[in-house]
Structure formats: structure tokens, C-alpha cells
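First the structure, in the form of C-alpha cells, and then the observations on it.
Numbering (this note's numbering), first residue to last: 3 to 488.
Here you go:
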């Protein structure tokens with residue numbers, strides 16, 4: 003006669019506590035080093051994970067970087083927020099370089115960090131501002147480190163040139179010619195030699211218009227001013243559009259409204275920019291990345307010289323696909339702005355929706371480089387993804403058939419509920435952590451009391467909490483009922 007076997011309760015404990023229990027004991031296979039994310043979906047063991055801890059202490063990955071993929075609304079921002087809150091408790095400074103939805107502002111404020119607002123009429127970021135590089139280079143020279151000072155100046159010059167070229171690429175939808183880039187490079191050097199203070203794009207345009215001998219030499223005008231004017235006409239027109247408004251507005255043509263600090267968490271809040279202004283969003287993301295990574299390099303140079311304490315940073319790069327689609331060759335610009343050596347003490351996490359977003363580029367070489375962002379990451383964290391993504395994803399990281407089915411199941415919509423009760427999607431808060439060819443770790447992220455609710459740092463739907471506006475009077479005249487008073 004068949005009998006029902008009751009479900010056995012599960013208990014968790016340390017090796018010392020449960021070493022005498024038999025049978026039905028099993029070890030927890032998930033790592034316990036890093037920021038606690040949640041529980042293993044199958045074993046219910048605690049899962050701890052972040053790229054810095056897994057690289058520095060656990061030695062599980064070869065570089066402190068991660069890439070997150072997943073459909074919208076499944077919790078990618080929640081995972082990132084959990085990581086940088088946990089890392090900040092370990093002394094790591096999170097840098098959110100471009101928050102398009104304002105999702106991390108509340109958390110950074112709770113950490114006592116700096117919120118820098120950018121947008122039309124809100125805040126400005128001068129792409130020709132070297133930041134703290136000038137003061138840092140002078141400090142290095144005064145303390146007997148001329149080579150380090152030269153490297154800081156060279157890095158600042160390279161980042162400014164890359165940003166000007168990037169804005170021109172976005173404005174034209176095509177990169178500038180090699181000769182135009184050479185003219186821009188020389189114009190920036192002339193500007194540094196002749197200009198007192200921090201220049202803006204209008205000053206760069208004035209240098210090109212004034213046609214100094216240094217620029218005429220690289221323009222190869224052979225002493226003919228008409229040739230110089232012909233070579234710089236398109237460049238002047240583009241810079242004029244960048245300084246006078248145009249589709250990129252005036253955000254980059256004025257002095258920086260709020261300089262970035264180096265000793266605390268920082269978020270660039272760019273949520274005031276409309277979703278339809280895709281070019282402006284891409285441009286401001288690139289500008290934030292350039293400014294943030296330039297500040298990190300300055301901090302590392304001063305720390306290497308013993309002039310400042312060593313600081314570790316955790317850099318968050320959201321909506322990567324927006325910058326990559328801004329124009330031909332933007333993959334190289336993004337790579338140049340964000341490439342960091344693992345020896346500089348910086349962790350990095352990139353976020354995108356799907357592999358299709360990364361690979362929807364017209365040029366094959368750009369698609370290959372975009373795939374490299376995922377392939378080079380120390381770990382890849384996947385949320386729910388459609389079945390069409392599996393061939394693209396498995397070309398970058400190995401996934402078993404079971405893991406693929408799990409990711410496909412997580413992207414399903416919530417079930418219909420006839421009682422009107424809110425039902426969460428089956429994949430919300432569920433992620434698969436992949437490191438190379440190792441089996442993935444499925445984790446269910448659990449929220450703490452500080453993250454839950456309308457007052458929690460994880461709430462990103464604040465505008466939906468207010469009671470809907472009700473009509474005090476009828477919008478249309480009420481007709482009298484038949485047979486009633488007229």
C-alpha cells in the first residue's frame with residue numbers, strides 16, 4: 003500500500019553545527035565571499051557575489067568586471083544597487099556614471115554621496131574641462147614626480163580629444179576624417195598653451211577659425227588660406243552646431259556646473275533627458291563616462307605617488323547599447339573611454355538588455371568588438387531572456403540546455419489573476435551567474451526592509467504612488483432621469 007512521505011524541513015548551519023547529522027546533508031556549493039545577493043534557487047544556500055570580492059579575495063574571476071543582461075523590469079538595477087551598497091560598506095566608492103531613470107539617486111543620497119544633475123537647463127558638463135588633472139599634475143610635479151604628471155596631462159588630453167570626436171560622430175552620424183582629427187588634436191594643444199582658465203567648445207571653435215600657423219601646417223594648406231578654409235569648413239559647421247544648441251543642446255558647451263569629488267559615492271542623474279532624444283542620451287552617457295574615468299585616473303596617480311590614500315571604485319555603466327548605436331565607430335570610442343587595467347583597483351559593471359542590442363550595429367567589426375565587451379567580462383549575470391537570444395548568447399559564453407531553458411522561462415509575463423491581486427513575473431529577481439564554462443549559479447535576490455516599500459532605496463516607481471486625481475465635478479452635464487424632476 004502506497005504511503006505519502008511528508009516533506010522534510012530544511013535547516014541550514016555551519017560545518018561545525020551539522021557535522022554529526024546523517025543522512026540528507028549536503029554542502030552549499032555557492033561562494034560565500036562578496037555582497038550577499040540572495041538564496042540559491044535550488045539549494046536555498048546563501049549566494050554572495052560582486053566582481054571586486056570575487057577577483058580580489060575569492061580569486062574566482064580573472065578581472066574585476068561584470069556584464070548584466072536581462073529584459074526590462076526583472077531587477078537588473080536592483081542587483082547593481084545591492085552590489086554597490088554592499089561594496090560601499092567595505093570602503094569601495096560606487097560611481098554611477100549616467101543614471102537615465104534616476105533609479106540610484108535615492109541610494110547614493112542614503113550613502114552620503116554626491117548627486118550631479120545634468121540636462122537642459124538643469125546642469126552642464128564641459129567636455130573640455132580636464133577636471134582635477136591640472137591641479138593633480140602640478141601637485142605631482144611639486145613633489146618630484148614629473149613623469150607621473152606628464153601621464154596625467156596626456157590622459158586628460160586624450161580623453162578630451164576622444165570626447166570631441168565622439169560628439170562630432172553623434173552629431174554627423176559619421177566619424178570625422180583623419181585630417182579633421184589631427185586638426186582637433188593640434189587645436190586642443192594650441193588652446194592649452196594660449197588660453198588661461200578652463201576652455202569651452204566655443205574657444206576651440208575660435209582657435210580653428212583664427213587659423214594659427216600650427217593648424218595650417220597640419221591642414222596641409224601649402225600657404226593657401228582657401229585650402230585651409232575648405233578643409234575646416236565642415237569641422238567649423240559641426241562645432242558651431244555643438245556650441246549654439248543643435249540636437250545636442252548646450253549641455254556640453256558651458257562650464258561644468260558641479261565638479262565631481264573623489265572621496266565618496268557619486269551618481270550623475272540624467273533622468274531629465276527625454277527618452278526620445280537618443281542622440282543626446284548617448285552623448286551625455288559618453289561624457290559622464292569620460293569625466294568619471296578621468297577622475298579615477300587622477301585619484302590613482304596621486305595614490306601611486308603617496309599623495310593621497312588609495313581608493314577603490316566600483317563603476318556602473320548603464321544602457322551601454324545607447325552609446326554604441328550613436329554612430330559608426332562608437333564602439334572604439336566607448337572602449338577607449340572605459341578600458342581600465344585590473345591593477346588600478348577599479349571594478350566595473352556594464353548593463354544592457356540583450357545581446358541583440360549590442361550586435362545591432364551596421365559594421366561587422368563593430369559587432370565583433372561589442373561582443374568582446376561580454377566575452378572579456380570576469381562574470382556574466384543573466385536575467386530572463388527570449389529564446390531568440392540563446393544562439394547569440396552562447397556564442398559569447400557557454401550555456402547548457404538546462405540553463406538556456408531557465409533563462410527563457412524567467413522572461414515569461416505574470417499569470418492572469420481573476421482576484422485582482424498583483425502577481426510578479428516568474429523571473430523577477432532571478433539571475434544566473436556565469437563564470438567562464440563553469441555551471442551557472444541561479445540566485446533569487448531577496449530585498450531587505452531598507453529596500454522594500456515606497457520609502458525604500460529600491461523603489462523606482464515613486465510617481466505611481468500618489469493617489470490618482472479624481473474629478474470633483476462631472477466633466478459633462480448630467481442628463482435628468484426619465485420621469486424625474488426637470
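From the three backbone atoms N, C-alpha and C, an ideal C-beta is built for every residue, glycine too. Note that the structure is predicted; figures quoted are calculated from it, not measured.
Practice task
Evaluate residue 425 with the Cβ neighbour count: other Cβ atoms within 10 Å of its Cβ, from every protein chain shown; 16 or more gives buried, anything less gives exposed.
Solution key: The count along the chain shown starts at 1 and reaches residue 425 at position 423. Exposed.
Handout entry: Reduced DSSP category for residue 488 - H, G, I as helix; E, B as strand; rest coil
Key = As a position in the chain shown, residue 488 is number 486, starting the count at 1. Residue confidence is low: residue 488 scores 48 on pLDDT, short of 50, so the model does not pin down where it sits. Its coordinate-derived value is still stated next. In the displayed model, residue 488 falls within coil according to three-state DSSP, outside both helix and strand.
Exercise for the section: Check whether the stretch 241-248 touches the stretch 213-228, counting contact only when three or more Cβ pairs, one atom from each stretch, lie closer than 8 Å. Expected result: Counting C-beta pairs closer than 8 Å gives fewer than three between the stretch 241-248 and the stretch 213-228, which falls short of the contact rule.
Problem - Status (buried if at least 16 other CB within 10 Å, exposed otherwise) for residue 472 - result: The residue you call residue 472 lines up with position 470 of the chain shown. With a pLDDT of 47 at residue 472, under the threshold of 50, the predicted position of this residue should be treated as unreliable, though the coordinate-derived value follows. Flag for residue 472 reads exposed.
Practice task
Could you tell me the distance, in whole angstroms, from the CA atom of residue 44 to the CA atom of residue 448?
Solution key: The residue given as residue 44 occupies position 42 in the chain shown. The residue given as residue 448 occupies position 446 in the chain shown. Going by the C-alpha atoms only, they are around 15 Å apart.
Practice task
My understanding is that residue 315 touches residue 95, with C-beta atoms under 8 Å, so please give their C-beta distance in whole angstroms.
Solution key: Sequence index remark: in the chain shown, residue 315 carries index 313 (1-based). Sequence index remark: in the chain shown, residue 95 carries index 93 (1-based). Confirmed, about 5 Å.
Handout entry: Ordered list of beta strand (DSSP E) runs contained in the stretch 300-352, each at least 3 residues
Key = List check, beta strand (DSSP E) in window: 314-319.
Practice task
Could you tell me the distance, in whole angstroms, from the CA atom of residue 395 to the CA atom of residue 70?
Solution key: Indexing the chain shown from 1 puts residue 395 at position 393. Indexing the chain shown from 1 puts residue 70 at position 68. Answer to the nearest angstrom: the Cα atoms are 12 Å apart.
Exercise for the section: Please confirm if the stretch 433-449 is in contact with the stretch 378-395, defined as three or more CB-CB distances below 8 Å between the two stretches. Expected result: Short answer: they touch.
Exercise for the section: Have a look at residue 281 and residue 331 and give me their C-alpha separation to the nearest angstrom. Expected result: In the chain shown, residue 281 corresponds to position 279, counting from 1. In the chain shown, residue 331 corresponds to position 329, counting from 1. Between the C-alpha atoms of residue 281 and residue 331 there is a straight-line separation of about 15 Å.
Handout entry: N-terminal and C-terminal residue of the alpha helix (DSSP H) that residue 159 is part of
Key = Locating residue 159 in the chain shown gives position 157, where the first residue counts as 1. 148-174 is the span of the alpha helix (DSSP H), which, as asked, contains residue 159.
Handout entry: Within 9 Å, strictly: CB atoms of residue 380 and residue 66
Key = Position 378 of the chain shown, counting from 1, holds the residue named residue 380. Position 64 of the chain shown, counting from 1, holds the residue named residue 66. For residue 380 and residue 66, yes; Cβs fall inside 9 Å.
Practice task
Following the continuous beta strand (DSSP E) through residue 381, name the residue where it begins and the one where it ends.
Solution key: Residue mapping note: residue 381 aligns to position 379 of the chain shown, counting from 1. 381-384 is the span of the beta strand (DSSP E), which, as asked, contains residue 381.
Practice task
Evaluate residue 476 with the Cβ neighbour count: other Cβ atoms within 10 Å of its Cβ, from every protein chain shown; 16 or more gives buried, anything less gives exposed.
Solution key: Residue mapping note: residue 476 aligns to position 474 of the chain shown, counting from 1. Low per-residue confidence applies at residue 476: pLDDT is 47, beneath 50, and the placement is therefore not dependable, though the value from the model is reported in the following sentence. Counting Cβ neighbours within 10 Å, residue 476 comes out exposed, since fewer than 16 surround it.
Handout entry: Nearest to residue 151 (by Cα), restricted to the options 142, 64, 352, 308
Key = Taking the first residue of the chain shown as 1, we reach residue 151 at position 149. Answer by Cα proximity: 142.
Problem - Per DSSP, cross-strand counterpart(s) of residue 69 - result: For this step, residue 69 is matched to residue 67 along the chain shown. DSSP lists 352, 382 as partners of residue 69.
Practice task
Look at residue 38 and residue 60 and say whether their C-beta atoms are less than 9 Å apart.
Solution key: The residue labelled residue 38 in the question sits at position 36 within the chain shown. The residue labelled residue 60 in the question sits at position 58 within the chain shown. The criterion of a C-beta distance shorter than 9 Å is not satisfied by residue 38 and residue 60.
Problem - Whole-Å CB distance - residue 319 paired with residue 353, under 8 Å assumed - result: The sequence position of residue 319 within the chain shown is 317, counting from 1. The sequence position of residue 353 within the chain shown is 351, counting from 1. With 8 Å as the limit, residue 319 and residue 353 qualify as a contact, their Cβ atoms being about 7 Å apart.
Handout entry: Simplified DSSP state of residue 266, which is helix, strand or coil
Key = Counted from its first residue, the chain shown places residue 266 at position 264. Coil.
Handout entry: For residue 454, the residue or residues it bridges with in DSSP
Key = Taking the chain shown and counting its residues from 1, one reaches residue 454 at position 452. Beta-bridge pairing links residue 454 to no other residue.
Exercise for the section: Would you mind working out which of 413, 303, 374 sits nearest residue 355, comparing C-alpha positions? Expected result: In the chain shown, counting from the first residue as 1, residue 355 sits at position 353. When only C-alpha atoms are compared, the closest one is 413.
Practice task
With a threshold of 16 other CB atoms inside 10 Å of the CB of residue 156, please say whether the residue is buried or exposed.
Solution key: Residue 156 sits at position 154 when you count from the first residue of the chain shown. Counting Cβ neighbours within 10 Å, residue 156 comes out exposed, since fewer than 16 surround it.
Handout entry: Rounded distance between the beta-carbons of residue 373 and residue 389, thought under 8 Å
Key = Along the chain shown, one-based indexing puts residue 389 at 387. Along the chain shown, one-based indexing puts residue 373 at 371. The Cβ separation is near 19 Å, so there is no contact.
Problem - Stretch pair the stretch 72-83 + the stretch 297-308: three plus CB contacts closer than 8 Å - result: Taking a contact to require three or more Cβ pairs closer than 8 Å, the stretch 72-83 and the stretch 297-308 do not qualify as touching.
Handout entry: Residues that residue 447 bridges to, as DSSP identifies them
Key = Numbered from its first residue, the chain shown carries residue 447 at position 445. Per DSSP, the beta bridge partners of residue 447 are 40.
Handout entry: Start-to-end residues for the alpha helix (DSSP H) that takes in residue 210
Key = Sequence index remark: in the chain shown, residue 210 carries index 208 (1-based). Residue 210: member of the alpha helix (DSSP H) spanning 203-212, first to last residue.
Handout entry: Exposure label - residue 408; buried when at least 16 CB within 10 Å
Key = If you number the chain shown from 1, residue 408 lands on position 406. If you draw a 10 Å sphere on the C-beta of residue 408, you find 16 or more other C-beta atoms in it, and that means buried.
Problem - Beta-carbon proximity check, residue 126 vs residue 270, cutoff 9 Å - result: What you label residue 126 is simply residue 124 of the chain shown in a count that begins at 1. What you label residue 270 is simply residue 268 of the chain shown in a count that begins at 1. Not in contact: residue 126 and residue 270 (Cβ atoms no closer than 9 Å).
Exercise for the section: Throw me the rounded Cβ distance for the residue 188 and residue 136 pair, which I believe falls under 8 Å. Expected result: Here residue 188 is taken as the residue at index 186 of the chain shown, counted from 1. Here residue 136 is taken as the residue at index 134 of the chain shown, counted from 1. Beta-carbon to beta-carbon, residue 188 and residue 136 are separated by about 20 Å, too far to satisfy the 8 Å threshold.
Exercise for the section: Check the DSSP bridge columns for residue 95 and list the partner residues they point to. Expected result: The residue labelled residue 95 in the question sits at position 93 within the chain shown. DSSP output for residue 95 lists 315 as bridge partner(s).
Problem - Test item: CB-CB of residue 443 and residue 49 under 9 Å - result: If you number the chain shown from 1, residue 443 lands on position 441. If you number the chain shown from 1, residue 49 lands on position 47. Yes; because the gap between Cβ atoms is below 9 Å, this pair is in contact.
Practice task
Report yes or no: do three or more beta-carbon pairs, one from the stretch 160-172 and one from the stretch 92-109, lie closer than 8 Å?
Solution key: Judged by Cβ distances under 8 Å, the stretch 160-172 makes no contact with the stretch 92-109, as fewer than three pairs qualify.
Exercise for the section: Assign residue 201 to one of two classes, buried (16 or more other C-beta atoms within 10 Å of its C-beta) or exposed (fewer than that). Expected result: Within the chain shown, numbered from 1, the residue matching residue 201 stands at position 199. It counts as buried.
Exercise for the section: Output yes if chain D places a C-beta closer than 9 Å to the C-beta of residue 309; else output no. Expected result: Among the chains of the structure shown, chain D does not appear; only one protein chain is present.
Handout entry: residue 117: first and last residue of the uninterrupted beta strand (DSSP E) it sits in
Key = Here residue 117 corresponds to residue number 115 of the chain shown, with the count starting at 1. Start and end: 116-119.
Handout entry: C-alpha distance - residue 186 paired with residue 64, whole-angstrom precision
Key = Counted from its first residue, the chain shown places residue 186 at position 184. Counted from its first residue, the chain shown places residue 64 at position 62. When rounded, the distance between both Cα atoms is 38 Å.
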